[in-house]
Every structure is written in structure tokens, then in C-alpha cells.
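Engineer: If you count by my numbering, then the sequence shown holds residues 51 to 154, one letter each, in order.
Glycine is no exception: its CB is placed at the ideal position from the N, C-alpha and C atoms.
Before anything else, here's the structure in question.
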Amino acid sequence: MTGAKDSNKKPQKSSSVSETKANVIAPSELAKQISDTIDHSEFAYARWGISVISLADGAVIYQRDADKLFTPASNMKIYTTGVALDLLGADYRWRTSVYASAQA
Numbered sequence: 051m052t053g054a055k056d057s058n059k060k061p062q063k064s065s066s067v068s069e070t071k072a073n074v075i076a077p078s079e080l081a082k083q084i085s086d087t088i089d090h091s092e093f094a095y096a097r098w099g100i101s102v103i104s105l106a107d108g109a110v111i112y113q114r115d116a117d118k119l120f121t122p123a124s125n126m127k128i129y130t131t132g133v134a135l136d137l138l139g140a141d142y143r144w145r146t147s148v149y150a151s152a153q154a
């Protein structure tokens, strides 16, 4: 049969092994790179809330205004839109009324 699977065949092993090595950076260097980036003049009026924690031991590697509250930005709007679509459906319409008084 064409396209049928032979259940007696064993999977062939690949003759080459692929390794991926991650660049490892010291926590102090990472903190410096983050600070250097966000302290750049083009971000002078930006607000940052950052917390970087080691997955290995839970140590805090970097924090800047991590305890401050921020107004949700674009990413939160995407999530909110997705939930609204799921709960309300794509055909749901908001009714918005606009009222004005007549000027004399």
C-alpha cells in the first residue's frame, strides 16, 4: 500500500548531533546593560518597571521601580480584547450615547 506505515521499521537515528549553546552573561553585566539601555536619552520620558530574577536560585539580578504601579499598555489591551471577543463574541456591539445641549 502506498503511504502505509510499516510498523516493523525502527526509526532511523540521525548521524549528526546539534548543540545550541546560550550566551552566558554575569548578573552584574546584565544589570549594567539594562541600565545603559533604559538610561539612554531617547527614553528620557519613559517609565520602566523591571524585575529580573534568577531561575536558578531566585536571587534578584536587577530591579528598577519594580514595586510601582503602571497603567496597562498595549500588551494588556490585546489580552483584554481577546477575552472580550471570547466572552461577548465578534458580533457584540457596544452602544455609546453622546449627548449635547443646544447652544443659544
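1. Kindly indicate which three-state DSSP category valine 148 falls into: helix, strand or coil?
2. Going by the DSSP bridge assignment, what does arginine 114 pair with across the sheet?
3. To the nearest angstrom, how far is it from the Cα of valine 74 to the Cα of serine 85?
4. Just verifying my parser: in three-state terms, what is the DSSP assignment at threonine 52?
5. So for alanine 106, helix, strand or coil by DSSP?
6. Looking at C-alpha atoms only, which residue of Gln153, Val102 and Tyr142 is the closest neighbour of aspartate 115?
7. In whole angstroms, what separates the C-alpha of alanine 134 from that of isoleucine 100?
8. With proline 195 and isoleucine 128 assumed to form a contact (beta carbons below 8 Å), what rounded beta-carbon distance in angstroms separates them?
9. Where tyrosine 149 and leucine 80 are concerned, what is the direct C-alpha to C-alpha distance, given to the nearest angstrom?
Structural biologist: The answer reads as follows:
1. Valine 148: coil per DSSP, three-state reduction.
2. Ile100.
3. Distance between the alpha carbons of valine 74 and serine 85: 18 Å.
4. Because threonine 52 carries a pLDDT of 45, less than 50, the predicted location of this residue cannot be relied on, and no value is offered for it.
5. DSSP places alanine 106 in the coil class of the three-state scheme, outside both helix and strand.
6. Ranked by Cα distance from aspartate 115, the first of Gln153, Val102 and Tyr142 is Val102.
7. Their backbone Cα atoms lie some 28 Å apart in a straight line.
8. A question about residue 195 goes unanswered here, because the residues of the chain that appear run from 51 up to 154.
9. In this structure, the alpha-carbon of tyrosine 149 lies about 54 Å from that of leucine 80.
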